[in-house]
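Q:
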Amino acid sequence: MAYSFYHGYLQIVLPHKGTEQKGIKELIGDFEAREGVTFGYKKLLVLIPLSLHCPATVEGKSDIVESSKSLGEVILSRAGVNRRVYKNTAYKIKVNSREKMYVCVEYATPLQTLHDIVSHRHEHTNDYALQRKELVLQFYLTCQALLNNDPDCKDCCDLIFFDDKTENGDDVDVGKVVLDHINKGKAKCKKNE
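First residue of the sequence shown? That's 33 in the working numbering, and the numbers climb one at a time after it.
1) Of all the beta strand (DSSP E) runs that stay within the bounds of the segment 81-113, which reach a length of 3 or more residues?
2) In chain order, what residues of the same chain lie with their CB nearer than 6 angstroms to the CB of Phe-171, ignoring the 5 residues before and after it?
3) Who are the Cβ neighbours of His-39 in its own chain at under 6 angstroms, not counting the five residues just before and after it?
4) Assign Lys-75 to buried or exposed, taking buried as 16 or more other Cβ atoms, counted over all protein chains shown, within 10 Å of its Cβ.
5) So what does DSSP say about Val-78, is it helix, strand or coil?
6) Would you call Glu-91 buried or exposed, if buried means 16 or more other Cβ atoms sit within 10 Å of its Cβ?
7) Alpha carbon to alpha carbon, what distance is there between Asp-184 and Cys-86?
8) What is the rounded straight-line gap between the Cα of Lys-119 and the Cα of Val-106?
9) Of the choices Arg-110, Leu-46 and Gly-50, whose alpha-carbon is the least far from that of Leu-59?
10) Pick helix, strand or coil for Tyr-197, following the three-state DSSP scheme.
11) How big is the Cα-Cα spacing for Arg-115 and His-152?
12) Could you name the residues of the same chain whose beta carbon sits closer than 8 angstroms to that of Leu-79, not counting the 5 residues immediately before and after it, in chain order?
Dropping the structure here:
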């Protein structure tokens, strides 16, 4: 699952290939210039929720996140599909009552597929349900290792592995999870300077 996500998606949308096909950082830069805004974090943030639940939009799990527009498109003919379109969404996150931060964030789509497997009655549903936490953890660790070992991708994407439920079983505000991750990332960068 992780290898498929990495080779079939992340390696397509993240790096600049030295061709007309733009990478995620170039798409973010183009969006900033076109819309007159600034991104608070110039990487693709991929959410990896422990529950596997990946709503259709990130704003569906947060009161402080608002969808903006598509960054742009990467168009590539692949596996018999001519001009397949890959795109990412920009979101605005309320940092405080006056400030909003633009970010590019999305859920790891293979987890939604795994969620569907666990949610429906199939021959192996119980096996997947029992191994859900281990499967999600291994997905995260494998994707992280693949990114860390790819000089063209490692500085273009952060994976955010998190428990999306509180101790009471309520949903965690994913916008706050993203802001916390960004703040930790910025603090780490300052520490390394």
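By construction, the Cβ of each residue, glycine as well, lies at the ideal position given by its N, Cα and C atoms.
Source: prediction; values computed, not measured.
A: According to the data block:
1) 97-110
2) Met-33 and Ala-34
3) none
4) buried
5) strand
6) buried
7) 27 angstroms
8) 6 angstroms
9) Leu-46
10) Per the sequence shown, residue 197 should be read as Lys rather than Tyr. Lys-197: strand per DSSP, three-state reduction.
11) 33 angstroms
12) Cys-86, Val-90, Val-137, Glu-138, Tyr-139, Ala-140, Ile-192, Phe-194, Val-206, Val-209 and Val-210
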